[in-house]
Each structure stands twice: as structure tokens, then as C-alpha cells.
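Asker:
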Amino acid sequence: MTLLRRDDMAVMTFRFANVSRVDTAAGQVLKATDATRPALLFVSLPPQALLEQTTVPGDASLKRAALSAGSGIVFRLPDGAMIPYTPAGLLDWTRLQNVAEQTSLECVWGLTFTPAPDPLTWSHAAEPVTGPGGVTGLWHTRLTGAPQLRLQPAGPARPTQPVDGPLTLVERQQIKDAMGRKPLSAKSMALSALGASVDLTGDWAGTPGATVPFYHHRSVTGRDSSVHVVLRGFLLPFCLPVQVTSHTERRLDSGLVKVSQLIVMGPVMDYLGVTGCPNGGRSFPFARVRLCGPTEMQVSTTAEPLQFGCWLRAAPGSPRIKFTFAAEDVRQRPVSFTSELAFVPGGLTAPQLRMTLDAYDQQARDVIVPASGRLELVIPPASTDTSVDVTGLSFGAEPAAGDPAVLEAAGRLPAWPRLTGLTARLPALDALASRSAAAPTGSPAGATDPARLTLDANYLANGLNTASKVYAAVQPPVGVAPPVTSSGGIAALAQKVSGLSDATGLVSGDLAKFKSGTFDPDSYFPPPESGLPTKLLGFLDLRKVVQGVQPMSTSDGDTVPRIVTVPVPQGVQSGLVWRPKVPRNTDLCNGLLHTGGGAALELHNTILAPLDGSQPQVDSRGELRDFTLNFLNRLLTVRFERLAFSSRPGAGPSLDAKVAEVHFGGDLHFLERLRDYLPSPASGPKVNVAADGIEVGYVLAVPSIGAGVFLLQNLMVATTVTLPFNGDAVKARFTVSSRDHPFLVTVSLFGGGGFFALAVQSDRPERFELEAQLEFGAAASLNLGVASGSVCVTAGIYIKMKGSQAHLEGFLRAVGELEVLGIISISVEFYLGLSYDTNTKVVHGHAEIIVRVRVAFFTKSVSLQVDRDFGGGSDPTFADAFPTPEPWQRRCAAFAPMEGT
């Protein structure tokens, strides 16, 4: 039954349970149908609250709004009672008993209340009330009776809301939860057809589990006039305790204006040794985080929701607030950074907290905040220095380990920050690159750029309890190509750094295979097509020189290159040590390198960066022992006992090349016989250090030898080996005399001379350079006093080869002279020269005859010369033979006509 009374706007609906309408002499009454069961009267009222959109000061735009659901009051008829079935009788609630557990009053949008089981009374007028001025008052009912009205939650808070109002979803839920711990106090509560007028206060300060210390709400006829809420929570990801005070009031020019103020209650958080730390604290390598500012600010809690929390913004549309932090790692070294934070209320259930943390991780995954300082990545600190110079940090959050109640009892959020990634400069990588050229074009980012790091999942779960001891991954891998002088002088040890290890420092190549505990050179070092040189002696692929897949050794550099950084009193020292196993008595690289029984390779490099910022001090050493280089299919073989490079602070680089033997084979075997007759040099090698490399050589000059009619002059044998600093291949050169100073041999009237030079490089043996010249001849003279004469005949050959190109020359010269009485002389010279060039494939010939006659003071010379070219080019084409149609026609006309034409 619905009651509608126009005079005082009384609007309500009555429903009955176990109640019957009975006719009596005084009229119809209501009474219990079955006296053994309760008789109930249900009173349904129109919506009592209006949700209005809040705004900022000065905003007079149209606001959105939404009505609440209806409210209901339940009464029980006393035993034997009869209620007149009239408007006045139905509105007479003084004799009825309140059924609080079934009463539901939504006097605040989204929150339903029920009076506490106290002796309460609903007071109102049963009939319309008209004042002296003829104005009828609005029907309303007040809850009275107890000295202090108490309200309890009647149902769950609404999970959604159409507009941003004075209370957020989180605040509404926390108020409802707090009411379950301690009832809400109502200074006044009145219900009407236009809505409820309430003055509510919740004081839960000191109440265990309550995250809303204070709440005050005033409304008039369903419309809020002022709302004040204090909500406690935390700032993600660092779980700093905060308090947000929100105050909403109605203003004539703007409507409901809401202002929220955030105050940081605990700006310092310690993480070491705290219960609930996931992964032993390895996922967040900070001992302490301190918020420097701001610690008090105005925020908008509705500008950017985050599940059950929100990102902090000063106002809708404004950027996220930046907070400045000063943190300490486990070695108490400072790290500063600036980060955005998200607010999450306390008291969330485990699923609600998990959803909020997951949402934070999803949105913060790719956010890298600027940072500076040196951060120790491994907890507890490892045996080596695992710290990096951070330039950016990326944070996430995860639920705490163990029982969350322990942390909640201590006033902490049962969650934990975690380091999801960082950008940093790696000291070991920077030390190698500080003296290097940048990585080649097309290679990954050079070492001068910060690397992107993520902590290794296996390290987070188990610590450093693996053979590889990998604790971080570098993604994408960073290419570094240090000069040869930074990796022992004899090897270009470029790497594609993909991870960090406590055992070996920098890790290159396939990180997953390295973590399996095996060392595979093919996957560790970059391939040749990557543009990152990894060569020995400038031409040998290091992946083919060292032994193949083998178990990883300890962290002494015996198997895997160990590149680590350690702090020392003078500064920061970065070192490279590698002593790989080299196959012995083996031909490598198609026979270019042969290792002996004592073959060994050892590389050392130490770089000390002083604390005062002065120039780094570099000590580099490298040695390769017992090996042989074979050039041109063993045409030239050089066996080394050792090739050692060293460069120390305050001294220039040096190369100790101990050549045990130089052997000639094939077409140069005749030089082997010459070498057998030469003594060994008494002095040591000649060392020439230049900016681009080191040249080591032996020079043996043989003094002139004369014995009767035999004379040998200007004979010199030299062998040099060049080791470039830029990673180019090793070069070897062998010479017998030179073009400027050829050797000379004479026996009686016969004589000759020449020189020989051969230069090869290890990476391209086919690109050798050969230059040789040999001359021979005979001379005779006759003197009869009155007349004298002489004859000289010489011939020679010269060859120069460079790779597949060659140039060959040969000549014959004959000279005859006759002189009579010193007055008349006649000379005849004949010269014939031939040359062949492989580029043009042309043989060029030059012949010349010169006749000179002298009589007293008269001289006459006559010469005749001829030049001819043979060969060259290719066969003539049809167009060359018949440039116009006429020659072709004449040729065709010379043949008999074909039959039938």
C-alpha cells in the first residue's frame, strides 16, 4: 500500500508480513495473522541521497548526479496489538518495535546504515503541520531516543559509481569496514521525501584495523553540504605510510568542491632484516629509502585511478607529481632519483592488493626514472664488486612473503618494492672502452652509452648458488671493441656483453648457454659478420683457436675471460685475465697457424682509475708461446718461441718476439741454402715502436768477402714481424739486400747482383708482395798501346708480384768500344728490353742501337730504336672488323653465289 499525501509531501510504501486487515466497530485495523509468528511492517521511502559530481573551485559547468536506491524501515507489531488502517495509524510508529537487522537506510550514496540495537524511536507528525503563515511543513521523521545514536553497516558498499563524488570507492569501502569495528555516531538523522538530512561522525583513531581515522558527513534533504575524510594508506612502490585528508564543501558558485591533502607520515623506510622480504631482499637491493620531498601536498585522488588506488596528481589533467628520493644500498652508498608514486589505501584484502600491485607493475614497467649514484646489485655483497653507476631505475611492487598480518600489525603494507630494471654504466665495460675506438658501424650501442639491465630470475630465486653466478642480464647486448693494447696486445678481444657474473664479471654471447655452466667459444664470442673483431694476431678467429665446449672453471680466468672491477685504496681497478686452453700440436685456420707442444695463450690487462679523476693507468700484457706461422702454402714459415706484448704505466709499449726459425720452402728453397751459410745475429732484435704498432726484426749484414778472383759485396739478410695496434693482421717481411743496395758478386771477368724481398700478412696470405731482381754479365778489355778496346755484355730480369698481379721485365745490353791513339774512338751500344704486365696482358718490347764516333774535336752520335707491343685485349668483334656495311658487302661478293639464288 502506497501513501501519497500532497499537503506535506509524505511519500512511502507499506508492505506487510503475517498481518491481516480486520473490520471492527471502530473501523479496519491491522493485526497479526498468526500469533505464533512475528508480524512485520515494511516501510519503503524514496531515495534519500544524491551523488553529485565534485569539481574544482571556480568551475560553474553543469555537473552530473545520480540518485541512491530507496531506504526501508522494518517494524514488528507487539503481540496482540492492532493498528488502525488509516494514514495516522500507519504513521504511528511509537508502539512498534524496531527490527534493526532488516532496516536499511542509504542516507549517504553507496553506504547503507541500520540503527544499532538501542532503544530508538522514529519521531514525526502523523498529520500535516501548517504554520501561522499558512505554510505546511515537509513531512520528515527523526531518529531519536538514545543519548548517542549509533549506526552500523547494513550491507556492502557499492563497488562502482557513475561520477566522482565526495567519497571515492576506496574511502566508501574503508568507512564501511571501519563501521564494522566501531559504529558510526549520528548527531542527527532525518528522513523525508526529498532526502535525508544527517550529521554523521566516525572516530576510529586507535581502532585496530581501521584505515579511516576520522569521517564527518553532513547533508540536507539528500544533498551533501560538507564531507571530511581522513584515509591512511601507502605510496607505491616504496610502501611509505601516508595520510590523505579530503574535504568537500558546497559553494554557491561551483557546487561541491573537493580538496585532498596528502601528508607523508613516515618519509624513511628500512628494508634490511624486515619480516616478509621476498627473495631474501635480492629483488630490491636498497637498505634504506628516504623521501626528500615533497612530504605534504594537494592531490587529486580521482584523476588517474589504479584499481583500488590512484596515481598522484595535483589536479585532473596535471602531470604526475615527481618525488625526490635519497636511498642507500647495502654498502651505504648514496643513490638519488626522482620517481612518480601511486597511493594505495591500507586494509585491502589480499586479492585487492594483488590486483593493485599488478596494475602498478603493468603501468610502471617501461618507466625509467632518472637516477645517479653507485648501486650494489648483489645481496649480500658478493666476492667481487658488483656495483654499477646507475643512470635510471625502473620499479615495481610485489606482495610480501609470509603472513601479511605480521606487517599489518607493524603498520606496514604487506607488499614490497622491487627493481624491475635499470640503466647503468658498467665500470669494467667503461674501463675497456675508455681507451678504445667505438664499436664498428652497425654494431650495438657502444660502451659509452648506459646499458639496460634486469636482475636474473634464477639469481632472485636462489642467489649465487650456480657455477656461472650470473646475477643480471644486459638487454639488448652491448658491443665493445677495445683496442688490441687493452686486451694483451696480441688479440682483439671484442665482446657482445649480455650479462654480469660474480665469477667472470662481464659475460658475452648466449647468456642462457653460459648459465648452464659450460663455455662455448662459438656462442660466447660474436661471429665475424657482427663487425666486432675477435681475433688473435689480427687474423685468427679466437673461436677456432681455443678449445671447444668445456665445463666452466672457477673464477680465475682459466676458461672464460674474467673482466671484473674491484675497489682499491688508490681508486677503482678493472682487470681482464684469460688463460684459455689452446690445442697443442695442431694445425689451425687451414694450416696458417701450427701450435707446438708447449703452446699457450695468456692475456692480462689492468686499468686503474684514480680517485682524483686523473688519467687511468693501464698495465697490459699478452703472450703466445710455441707457435708457427705458415705463409703461401709453407713458402715462408716463421716459428716463434714466444711473442709477448707489454705496456706499463710510464713506459711505452714493447714487443718481445723470439723467432726460433725462418724456413723457406717450395720455389724459395734455394734461400734456405743461403741461410745455412749465414751466421746467427749476435745482437738482439731491433724494435721500432710507432703510434700504429710495433715492428721487431733481425738484420744481418755480411762484410765484403774477397778471395782471389772472387768478390762478394753488400750482402744483407733481414727478417721483420709487425704487430699493429689497431687489430690488423700480423705482417712478416724477409729481404736479401735491397733495391738501393743490391748485393754484388764478381768472379774474374764475370759478375752480377740483385736483391729479393717477400712480404706477407697472416689474414690474407694470397695478398703477398714479392719483388726480386737479378743481373749477370761479363766484361773484357784489350790494350795494344796504339789502340785499345773493351766489350761488356749484361743481362737481367726483374719481377714484381702483388697478389694476383705481376710485372715482369728482362733486358740484354751489349757495349763495345775501340780507341786509336786517343784521337779516334768508336762505340756501339745495343739494348733490348721486354716487359709483361698481367693487368693489360701486353708484352712490350724496346730495342735500341746507339753508335758514337769521335774524331779529335768532332763528335757524332746516331741512334735507332724500335718499340713493339704484342698481345693484349681480346679478339675483335664483328663491329671492329666491319665498322661500315661496305666492307661486309665486298667480302660477301667475293664468294660464288649459292645455288637457287
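Residue numbers are given in numbering that gives the first Met the number 0: position 537 of the sequence shown equals residue 536, and the series is strictly consecutive.
Cβ coordinates follow ideal geometry from the N, Cα and C atoms, glycine included.
All of these numbers come straight from a predicted model, not from anything done at the bench.
Enumerate in chain order the residues of its own chain whose CB-to-CB distance from Arg853 is below 6 Å, with the five nearest sequence positions on each side excluded.
Answerer: Numbered from its first residue, the sequence shown carries residue 853 at position 854. So the qualifying residues of the chain are Ser824.
Asker: Taking Asp618 as the reference, which of Pro582, Thr220, Thr605, Lys514 has the closest Cα?
Answerer: The residue given as residue 618 occupies position 619 in the sequence shown. Taking only the C-alpha atoms, the option nearest Asp618 is Thr605.
Asker: I'd like to confirm the pairing. Which residues does DSSP put opposite Gln572 in its beta bridges?
Answerer: Sequence index remark: in the sequence shown, residue 572 carries index 573 (1-based). Paired residue(s): Val565, Leu607.
Asker: What whole-angstrom Cβ distance do Pro182 and Leu150 have, given they're in contact under 8 Å?
Answerer: If you number the sequence shown from 1, residue 182 lands on position 183. If you number the sequence shown from 1, residue 150 lands on position 151. Right, their Cβ atoms sit about 6 Å apart.
Asker: Once DSSP output is grouped into helix, strand and coil, what is the label at Gln864?
Answerer: Here the question's residue 864 lines up with position 865 in the sequence shown. Gln864: strand per DSSP, three-state reduction.
Asker: Considering Cα atoms alone, identify which of Ser789, Tyr359, His740, Val729 is closest to Val716.
Answerer: By one-based count along the sequence shown, residue 716 stands at place 717. When each option's Cα is compared against that of Val716, the closest is His740.
Asker: Can you give me the C-alpha to C-alpha distance between Arg633 and Leu591, rounded to a whole angstrom?
Answerer: Here residue 633 is taken as the residue at index 634 of the sequence shown, counted from 1. Here residue 591 is taken as the residue at index 592 of the sequence shown, counted from 1. Computed Cα separation, rounded: 9 Å.
Asker: Rounded C-beta distance between Thr558 and Ala491? I'm assuming under 8 Å.
Answerer: Stepping through the sequence shown from its first residue, residue 558 is reached at position 559. Stepping through the sequence shown from its first residue, residue 491 is reached at position 492. That pair is no contact at about 20 Å.
Asker: Would you say Gly795 lies against chain C (beta-carbon separation less than 8 Å)?
Answerer: Among the protein chains of the structure shown there is no chain C, as only one such chain exists.
Asker: Our contact map puts Gly844 next to Leu833 with C-beta atoms below 8 Å; I'd like the distance itself, whole angstroms only.
Answerer: Indexing the sequence shown from 1 puts residue 844 at position 845. Indexing the sequence shown from 1 puts residue 833 at position 834. Yes, Gly844 and Leu833 are in contact; Cβ-Cβ is about 5 Å, under 8 Å.
Asker: Got a sec? Which residues, its chain only, sit under 8 Å from Leu907 by beta carbon, not counting five neighbours each side?
Answerer: It is not possible to answer for residue 907, since the shown part of the chain is limited to 0 through 900.
Asker: When DSSP labels each residue in this structure, what does Ile174 get in the three-state scheme?
Answerer: As a first step, residue 174 is located in the sequence shown; it is residue number 175 there, counting from the start. Ile174: helix per DSSP, three-state reduction.
Asker: Can you round the beta-carbon distance between Thr167 and Gly194 to whole angstroms, since I take them to be within the 8 Å contact cut?
Answerer: On the sequence shown, residue 167 is found 168 positions in, with the first residue counted as 1. On the sequence shown, residue 194 is found 195 positions in, with the first residue counted as 1. The pair is not a contact, with the Cβ atoms about 21 Å apart (cut-off 8 Å).
Asker: According to the neighbour-count rule (16 or more other Cβ atoms, all chains shown, within 10 Å of its Cβ), is Ala681 buried or exposed?
Answerer: Looking up residue 681 in the sequence shown gives position 682. Only weak support is given to the placement of Ala681: the predicted model assigns it a pLDDT of 48, under 50, and the question is left unresolved by the model.
Asker: With C-beta atoms as the reference, is Phe277 less than 8 Å away from Ala400?
Answerer: Here residue 277 corresponds to residue number 278 of the sequence shown, with the count starting at 1. Here residue 400 corresponds to residue number 401 of the sequence shown, with the count starting at 1. The sequence shown places Pro at residue 277, not Phe. Yes, these two residues count as a Cβ contact at 8 Å.
Asker: Rounded to the nearest angstrom, what separates Glu126 and Trp310 at their Cα positions?
Answerer: Against the sequence shown, residue 126 aligns to sequence position 127. Against the sequence shown, residue 310 aligns to sequence position 311. Roughly 53 Å separates the two Cα atoms.
Asker: Using the three-state DSSP reduction, which class does Asn838 fall into: helix, strand or coil?
Answerer: Taking the sequence shown and counting its residues from 1, the one referred to as residue 838 is at position 839. The answer is coil: DSSP assigns Asn838 none of H, G, I, E or B.
Asker: Which runs of the beta strand (DSSP E), 3 residues or longer, sit entirely within the stretch 46 to 88?
Answerer: Entirely contained in the stretch 46 to 88, the beta strand (DSSP E) runs reaching 3 residues are, in chain order, 49 to 51, 64 to 66, 70 to 75.
Asker: Considering only the alpha carbon of each residue, which of Leu654, Phe754, Leu781, Val792 lies closest to Lys799?
Answerer: Translated into the one-based positions of the sequence shown, residue 799 becomes position 800. Per the Cα distances, Phe754.
Asker: Sorted by chain position, which residues of the same chain lie with C-beta nearer than 6 Å to Arg965's C-beta, five sequence neighbours on each side aside?
Answerer: In the structure displayed, the chain extends from 0 to 900; residue 965 sits before or after that span and is not available.
Asker: Out of Asp509, Pro380, Val473, point me to the one whose CA is closest to Leu499's CA.
Answerer: Along the sequence shown, read from residue 1 onward, the residue named residue 499 stands at position 500. The option with the nearest alpha carbon to Leu499 is Val473.
Asker: Classify Cys588 as helix, strand or coil using the three-state DSSP reduction.
Answerer: In the sequence shown, counting from the first residue as 1, residue 588 sits at position 589. Of the three classes helix, strand and coil, the one that applies to Cys588 here is coil, per DSSP.
Asker: Could you tell me if Asn97 is buried or exposed, where buried requires 16 or more neighbouring beta carbons within 10 angstroms of its beta carbon?
Answerer: Residue numbering aside, residue 97 sits at position 98 when the sequence shown is read from its first letter. When all chains shown are included, Asn97 counts as buried.
Asker: Round the Cβ separation of Gln52 and Ala68 to the nearest angstrom and send it over; I've been treating them as touching at under 8 Å.
Answerer: The residue given as residue 52 occupies position 53 in the sequence shown. The residue given as residue 68 occupies position 69 in the sequence shown. The pair is not a contact, with the Cβ atoms about 19 Å apart (cut-off 8 Å).
Asker: Could you have a look at Gln888 and say whether DSSP puts it in helix, strand or coil?
Answerer: As a first step, residue 888 is located in the sequence shown; it is residue number 889 there, counting from the start. Three-state DSSP puts Gln888 in a helix.
Asker: Kindly indicate which residue of Ala80, Val720, Ser573, Ala771 has the alpha-carbon position closest to the one of Ser737.
Answerer: As a working mapping, residue 737 is identified with position 738 in the sequence shown. Among Ala80, Val720, Ser573, Ala771, the Cα nearest to that of Ser737 belongs to Ala771.
Asker: Please classify Gly844: does DSSP put it in a helix, a strand, or coil?
Answerer: Position 845 of the sequence shown holds residue 844. Note: Gly844 maps to strand in three-state DSSP.
Asker: Please classify Glu100 as buried or exposed, where buried requires at least 16 neighbouring CB atoms within 10 angstroms.
Answerer: Within the sequence shown, residue 100 is the residue found at index 101, counting from 1. Answer is exposed; the Cβ neighbour count stays below 16.
Asker: Could you tell me which of Glu407, Thr858, Asn17, Gly776 sits nearest to Thr274, measuring between CA atoms?
Answerer: Numbered from its first residue, the sequence shown carries residue 274 at position 275. The option with the nearest alpha carbon to Thr274 is Glu407.
Asker: Please list, in chain order, all residues of the same chain as Gly776 whose beta carbon is under 6 Å from its beta carbon, the five residues on each side excluded.
Answerer: Reading the sequence shown from its first residue, position 777 is the one you call residue 776. Result list for Gly776: Val792, Thr793, in chain order.
Asker: When the Cα of Gly574 is compared with those of Val581, Val563, Pro568, which residue comes out closest?
Answerer: Taking the sequence shown and counting its residues from 1, the one referred to as residue 574 is at position 575. Of Val581, Val563, Pro568, the residue nearest in Cα terms is Val563.
Asker: Consult DSSP for Met354 and reduce its assignment to one of helix, strand or coil.
Answerer: Along the sequence shown, read from residue 1 onward, the residue named residue 354 stands at position 355. Three-state result, Met354: helix.
Asker: Whole angstroms is fine: what's the gap from Thr140's alpha carbon to Asp402's?
Answerer: Within the sequence shown, residue 140 is the residue found at index 141, counting from 1. Within the sequence shown, residue 402 is the residue found at index 403, counting from 1. Computed Cα separation, rounded: 48 Å.
Asker: Could you give the uninterrupted runs of the beta strand (DSSP E) lying entirely in the stretch 262 to 310, keeping only those of 3 residues or more?
Answerer: Complete beta strand (DSSP E) runs here, min 3: 267 to 269, 287 to 292, 295 to 298, 308 to 310.
Asker: Grab me the residues of Pro560's own chain with a C-beta within less than 6 Å of its C-beta, minus the 5 sequence neighbours each way, in chain order.
Answerer: Locating residue 560 in the sequence shown gives position 561, where the first residue counts as 1. Once the five neighbours on either side are set aside, the close Cβ partners of Pro560 are Trp577.
Asker: Compute the Euclidean distance between the alpha carbons of Leu340 and Glu170, then round it to the nearest angstrom.
Answerer: On the sequence shown, residue 340 is found 341 positions in, with the first residue counted as 1. On the sequence shown, residue 170 is found 171 positions in, with the first residue counted as 1. Approximately 19 Å between the Cα atoms of the pair.
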